[in-house]
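Residue numbers (the numbering used here): 603 to 678. A virtual CB, placed ideally from N, CA and C, is assigned to each residue, including glycine.
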Amino acid sequence: MDKPNFHDEISLAEAAESLAKQAMHQGMLNHFTIYFYPDSWQFHFSGKPEGELLTPEEAYLYLKKLLGKTNPPTEI
């Protein structure tokens, strides 16, 4: 089994961003927004309530479920 390609919060956030791009490419998301703060990133996805921001961990798990993937994200 392949291991995820992240090892800290930034690489996890980047993996979530990659999954979001894949979901957009496949037509599963209309848009997504990433809010960058000095110590964290927050994600907002189309179809979610306006004020519902997700942490990188929540975004990664949400997108994995949305895409139905079991493998780590690939580059687009």
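Name the two residues that bound the continuous beta strand (DSSP E) containing Q624.
-> Careful: Q624 lies outside any beta strand (DSSP E), inside the alpha helix (DSSP H) at 611 to 627.
Cβ-based neighbour list, T635, same chain, cut-off 6 angstroms, excluding 5 preceding and 5 following = H646
For P640, is the classification buried or exposed, using 16 other Cβ atoms within 10 angstroms of its Cβ as the cut-off for buried?
-> exposed
Boundaries (first-last residue) of the alpha helix (DSSP H) holding Y664 = That run of the alpha helix (DSSP H) goes 658 to 669.
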